[in-house]
Amino acid sequence: MKSYINEPLLISMAVPNGNYEVTLSIRAHEDTVFSVLSQSRRFIRNDVEIKNGESMDIVFNANVCDYHFDGGEYTEVKTVDVYILCDGAVTATAAVSPVDIPTIYIAGDSTVTDQPAEYPYEPSETFCGWGQALQGLLKPGIAVSNHAQSGSCTMAFIGTNWTAFKDKIKPGDVLVCEFGHNDQKIKELDAYGGYAERLRYFVEYAREKGAYPVLNSPINRIIFESDGTLRNLLGEYRDAVKCVAEEMNVPFIDMWKRTTEYFETAGPVKSWGFFRCKGEERDYTHTNDIGGLLIARFFAQEVLKNGVKPISDFVDEKRIETVQVTADEGDCFDNSEMQAHIKSIGLVNVPEGDIDADITGLQI
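All letters in the sequence shown, in the order written, are residues 22 to 385 by the working numbering.
Below is the structure:
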């Protein structure tokens, strides 16, 4: 993913809540590269080359849906927004039409949410939840409505975010749930207790609406041990999701396993390229735009492998390829900052013996 100097060109079209087919027409007035985003910075196309004088049409779906984030007011959304990132000269127009298609509603936390960006744009310095990269991996015919929020746990989500869209869920839609990072900070949301109980609620509600529930394990943090393995802070939450999925016979997408395997192979040095970093600042939980897209591709790959309907019918296989990054021989690192970071994130529910006793009980 390339950097862009200019702020994006915005095309905004007033519409009511619903799903839309968008046709974006772009004409280049010099050789250039562009990227397309929609709504709250949801990826549609990345780094597309276009030659001087060429025209290109891009057709995709956009979901327009009100939202209610915890700590804020209920917010009405009244437009389809299309953003074009480009440092060259282009002109663009867009047209929208309503479509009756399935919606993928996403419930989750900061690792999944739509994140903003600063401009000039640098993909490694920008936070990105994988949910905002999913629409661009799908063919037209299904739309993504991402309601995940930074800091959210299952309990807070049901009390606020959930209220904005739960009555919009209709037969044939999909509800994808991925939590754990913040549930782990609240005593009553222990993996097999309050956390699992609320996952069951999401499954039951989706089925009552005629929708398809999908349960994801949380992505792993890149807190490395001195031997190069990842610390197993979220493993119990991963196992709890798997148990609920098996108990209720719903698809289970093991994002914990996929991320653990990938980043252990990448190693503690190269893994930083997928998580938000700026100068000497490092984040061990939140992916940047490069990592968000990578993990969205993991999700799409798992959906295809497991035949998760109806999403699997719309995955664009040409867009989901990933390349495994491998640690170089002799890569070395100091994990003292990572270990200190654990003490700042307020973990309460952790695997027995997996974390120092003086770390538990802290809150942020």
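Don't be surprised by glycine CBs; every beta carbon is placed ideally from N, CA and C.
Practice item. Assign D130 to buried or exposed, taking buried as 16 or more other Cβ atoms, counted over all protein chains shown, within 10 Å of its Cβ. Key: By the neighbour-count criterion, in which 16 or more other beta carbons inside 10 Å mark a residue as buried, D130 falls on the buried side.
Review point. Under the DSSP definition of a beta bridge, which residues are partnered with G193?
Key: DSSP, once it has assigned bridges, lists no residue as partnering G193.
Practice item. Figure out for me which residue from K299, Y305, E301 has the closest Cα to the Cα of S292. Key: When only C-alpha atoms are compared, the closest one is Y305.
**Study point:** Inter-residue spacing [alpha-carbon to alpha-carbon] between S24 and L220
**Key:** If you take the alpha carbons of S24 and L220, they lie about 39 Å apart.
Exercise for review: Measure the C-alpha to C-alpha separation of L315 and E143 and round it to an integer number of angstroms.
Suggested key: The straight-line gap from Cα to Cα measures roughly 16 Å.
Check your understanding: Skipping 5 residues on each side, what residues in its chain have a beta carbon closer than 6 Å to that of D5?
Key -> The first residue shown for the chain is 22 and the last is 385, placing residue 5 beyond what the model contains.
Practice item. Would you kindly report the start and end of the unbroken beta strand (DSSP E) that includes N237? Key: Following the DSSP letters along the chain, one finds N237 inside the beta strand (DSSP E) bounded by residues 233–237.
Point to revise | Secondary structure, beta strand (DSSP E): runs of 3+ residues fully inside the region 305–333 | key: With a minimum length of 3 residues, no continuous beta strand (DSSP E) run stays inside the region 305–333.
**Study point:** Residue of S145, I79, R63, V54 minimising C-alpha distance to G109
**Key:** The shortest C-alpha separation from G109 is found at V54.
Point to revise | Buried versus exposed, by CB contacts within 10 Å (16 or more), L158 | key: Taking all protein chains in view, the Cβ of L158 is crowded by 16 or more other Cβ atoms within 10 Å, so the residue is classified as buried.
Practice item. Go ahead and label D377 buried or exposed: buried means 16 or more other beta carbons lie within 10 angstroms of its beta carbon, across all protein chains shown. Key: With a pLDDT of 45 at D377, under the threshold of 50, the predicted position of this residue should be treated as unreliable, and no value is reported.
Practice item. Name the residue from H202, G351, T343, V271 whose alpha carbon lies nearest to the alpha carbon of I366. Key: Measuring from the Cα of I366, the nearest candidate turns out to be H202.
Check your understanding: What three-state label does DSSP hand C174 in the structure shown?
Key -> Coil at C174, not helix or strand.
Review point. Sorted by chain position, which residues of the same chain lie with C-beta nearer than 8 Å to V133's C-beta, five sequence neighbours on each side aside?
Key: Close CB contacts of V133 within its chain, under the 8 Å cut and outside five residues either way in sequence, are with I127, G150, W151, G152, N167, A169, E199 (chain order).
**Study point:** Straight-line gap, H89 to Y41 (C-alpha atoms, nearest Å)
**Key:** It is roughly 21 Å from the alpha-carbon of H89 to the alpha-carbon of Y41.
Practice item. Kindly give me the distance between the Cβ atoms of D204 and Y222, rounded to whole angstroms, as I take these residues to be in contact under 8 Å. Key: That belief does not hold up - the Cβ atoms of D204 and Y222 are roughly 13 Å apart, past 8 Å.
Check your understanding: From I332 to K187, what does the alpha carbon distance come to, in whole angstroms?
Key -> Cα-Cα distance, rounded: 19 Å.
Exercise for review: Keeping to the same chain, check which residues put their C-beta closer than 6 Å to that of L155; ignore five residues upstream and five downstream.
Suggested key: Taken in chain order, the residues that qualify are V165, A317.
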